[in-house]
């Protein structure tokens, strides 16, 4: 019996040669920060976390090579950070030069396409088992027209056959190298992408097309930066769930967790879960004499926990208040209470927790509401403070990235909690998310490596077992559903 063919290694080449001129910035587009990280980091993270990727080669404008090295320092699969060329083709050739002689699969991907997903990547890799050249594209919803030099229509191709190209573009190393070698002898050589090089100079090599997604967009124009930021806001970032209960125990056993707002609702569920997995938990709330809006109370609670256990690994703040009503009818003391509990408290908690969490490489978990994406009538204070918490989460994740302290924010849909019942009365149980489900997701975030993420918790998580189109629809639905979910409980 013959031996099975050896698995070819797969190398992702992240093309980061853009200058940012078309988005009106003086820095490359991939260095723009959205949702707590640069676009480059978001893109790298997808390939780093895809098991089928063995190695990553990163290209960058020479003036920003040091930035690229720093941003990719934590990515263990990055083996080379090299300067890009004058053109995209020059950059691709520079990357090919560092890949050695052994045959491998090569995926070229734009650094400014941060929403590429693992399904697209793995489909490309699998397709290279059959084909030597692979592209990614989506059907065109618009009619494509061809114009002549005078901007007069000269042809209208059949739309059903039209596709909009994306990346990654995948090749066997020997194939793409041969195409570039032949192209090098053409004085008029020019191609907008790598598949174009194969198509022109190796016309006998078919290029298979993998279906992409509408989300896999390229940041090119100023409006794209806004769209990408909005998509990160709406995207359901799922925390990787430990494989089994023992793994939770391994990650939480012997750790110290402080839960502020921990004697009721979601906070109580977090306390119970953490204790069940061996953590030492200190639960505080107004009922225990700890007012989260008072910095001195927060500092005392943390100091007590540290004095008793010698460490603090995680701090969870679930406490919040929800006052309904029009702003002009809201008394000054209610305005102040909302601001102090919903926004100033997270700030105080962050400031007081940092010295302890720096020692352990720990994390803070805050909570927001789906209303943070858009202010709502009669919830102006609640919505705006919850939006501020999101911004705070992303900013702190950026500030603390270099010291190993993580900050994330849970965004639950309408949940069955005491705060919600007080505000809205009894509601059908099947329309509400359970506090226990929110608590379990909170633990998943605590024990993960995520930082700067807004993690949605829904009764049916968008994307689980869904097609790419259904996932995109889920994102749109999330944006449109804010009216129905504007009072998501965070206590």
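Residue numbers (my numbering): 76 to 566.
Heads up, the beta-carbon is just placed ideally off N, CA and C, and yes, glycines get one too.
All values derive from a computational prediction rather than experimental measurement.
#1: Let's see if you can read the secondary structure: which residues bound the alpha helix (DSSP H) around residue 277?
#2: Within the continuous alpha helix (DSSP H) that includes residue 105, where are the two ends?
#3: Give me the Cα-Cα distance between residue 229 and residue 220, rounded to the nearest whole angstrom.
#4: For my contact list, residue 391 and residue 440 are in at a C-beta cut-off of 8 Å; report their separation, rounded to the angstrom.
#5: Specify, as a first and last residue, the run of the beta strand (DSSP E) that residue 442 falls within.
#6: Where do the N-terminal and C-terminal ends of the alpha helix (DSSP H) with residue 122 fall, by residue?
#7: Taking 6 Å as the cut-off, is the CB of residue 393 close to at least one heavy atom of the ligand MN?
#8: Counting pairs of beta carbons, one from the stretch 144-156 and one from the stretch 247-266, are three or more of them closer than 8 Å?
#9: Taking C-alpha atoms, which residue in 241, 454, 326 and 344 lies nearest to residue 45?
#10: So, with DSSP's three-state summary, where would you put residue 417?
#11: Write down the C-beta distance between residue 189 and residue 86 rounded to the nearest angstrom, noting that I regard them as a contact closer than 8 Å.
#12: Out of 191, 517 and 353, which has the shortest C-alpha to C-alpha gap to residue 307?
#13: Between 163, 344, 187 and 202, which has its C-alpha nearest residue 180's C-alpha?
#14: Identify, in the order they occur along the chain, each residue of the same chain with its Cβ nearer than 6 Å to the Cβ of residue 196, setting aside the five sequence neighbours on each side.
#15: I'd like to check one pair, residue 90 with residue 162: are the Cβ atoms closer than 7 Å?
#16: Rounded to whole angstroms, what's the CA-CA distance from residue 527 to residue 438? Just pull it up for me.
#17: Let's see if you can read the secondary structure: which residues bound the beta strand (DSSP E) around residue 335?
#18: Enumerate in chain order the residues of its own chain whose CB-to-CB distance from residue 398 is below 8 Å, with the five nearest sequence positions on each side excluded.
#19: State the DSSP-derived secondary structure class of residue 145, mapped to helix, strand or coil.
#20: Return the bridge partner residues of residue 467 from the DSSP annotation.
#21: So for residue 381, helix, strand or coil by DSSP?
#22: How would you call residue 321, buried or exposed, if buried means at least 16 neighbouring beta carbons within 10 angstroms?
#23: Between which residues of its own chain and residue 572 is the CB-CB distance below 7 Å, once the five residues before and five after are set aside?
#24: Would you decide whether residue 185 is buried or exposed? Buried here means 16 or more other CB atoms lie within 10 Å of its CB.
#25: Looking at the unbroken alpha helix (DSSP H) that takes in residue 340, where does it start and where does it end?
#26: When you compare the CB positions of residue 514 and residue 348, do they come within less than 7 Å of one another, or not?
#27: Which whole-angstrom value is the C-beta distance of residue 211 and residue 244, which I expect to be below 8 Å?
#28: By how many angstroms is the C-alpha of residue 267 removed from the C-alpha of residue 374?
#29: Please report the distance separating the alpha-carbon of residue 119 from that of residue 147.
#30: From the DSSP output, read off the bridge partner residues of residue 180.
#31: Flag this pair as yes or no: are the beta carbons of residue 88 and residue 132 separated by less than 7 Å?
#32: Mind reading off the beta-carbon distance from residue 330 to residue 358? Whole number of angstroms is fine, and I expect it under 8 Å.
#33: Is the beta carbon of residue 333 sitting closer than 7 Å to the one on residue 422?
#34: Within its chain, find whatever has a CB closer than 8 Å to the CB of residue 484; leave out the 5 residues flanking it on each side and keep chain order.
#35: What three-state label does DSSP hand residue 226 in the structure shown?
#36: Which value, in whole angstroms, describes the spacing of the CA atoms of residue 525 and residue 281?
The short version:
#1: Neither: residue 277 is in no alpha helix (DSSP H) and is coded neither H nor E.
#2: Here residue 105 belongs to no alpha helix (DSSP H), and DSSP marks it neither H nor E.
#3: 8 Å
#4: 5 Å
#5: 438-442
#6: 114-123
#7: In the structure shown, the ligand MN is absent, as is every other ligand, since no ligand is present at all.
#8: no
#9: For the chain, the structure presents residues 76 to 566; residue 45 sits outside this window and is missing.
#10: helix
#11: 20 Å between Cβ atoms; not a contact.
#12: 191
#13: 202
#14: 125
#15: no
#16: 11 Å
#17: 331-335
#18: 405, 409, 412, 413, 456 and 457
#19: helix
#20: BP columns for residue 467 are empty, so no partner.
#21: helix
#22: exposed
#23: There is no way to answer for residue 572, as the model of the chain reaches only from 76 to 566.
#24: buried
#25: 340-351
#26: yes
#27: 7 Å
#28: 58 Å
#29: 8 Å
#30: 85 and 247
#31: yes
#32: Not really, about 15 Å apart at Cβ, beyond 8 Å.
#33: no
#34: 440, 441, 442, 443, 464, 465, 468, 528, 529 and 530
#35: coil
#36: 40 Å
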